[in-house]
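Mapping the sequence shown onto UniProt numbering, position 6 (from 1) lands on 6, and the numbers just tick up by one.
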Amino acid sequence: MSKILIVDDEPYIRLLLEQVLETLEDGGVEIITANNGESALEIIAAETPQLVFLDVMMPKINGFDVCDQVKHAMGLQEVYIILLTAKGQEFDRQRGIEVGADQYMTKPFNPDEVLAKARSVLGIEGP
């Protein structure tokens, strides 16, 4: 079973992403959520999701540090991480690349683009 982890400290963003991705649950995809970086690291270590939508600005541990720990300290290169952030400056994009993010999406995001990317990463055919 494929797993997607949604990590954001804003409840409405988590809910929106869950609603966008819920159609994938019919294809056997499990959706997991976390509201901070600390919880995200625990879930990633325990569940090893194939795809993580990761907010950058969060309490406890920010998304850059979570991504860096997953990709470098934990060595989980196979976990596809998409950083989601309102910070769209080039400096922030560069930092995302440095910590090992596979993709960088700015908020507000396009729900169709999120779903298409999830399908692509998980190898699920579209409708």
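Each residue gets a CB set at the ideal place from its N, CA and C atoms; glycine is no exception.
All values reported here derive from a predicted model rather than from experimental measurement.
L76 to L16 span [Cα, whole Å]: 27 Å
Alpha carbon of N110 to alpha carbon of D92, nearest angstrom: 20 Å
Which same chain residues end up closer than 8 Å to Q107 when comparing Cβ atoms and leaving out the 5 residues on each side of it in sequence? According to the sequence as given, residue 107 is Lys; it is not Gln. Here the set comprises I13, L84, T85 and A86.
Alpha carbon to alpha carbon, what distance is there between I31 and E22? 8 Å
Sorted by chain position, which residues of the same chain lie with C-beta nearer than 6 Å to I6's C-beta, five sequence neighbours on each side aside? R14, L17, T33 and F53
One question on the structure: do V121 and Y80 come within less than 8 Å of each other, judged by their Cβ atoms? yes
Please report the distance separating the alpha-carbon of P49 from that of Y104. 18 Å
CB contact flag (G37, M1, <8 Å): no
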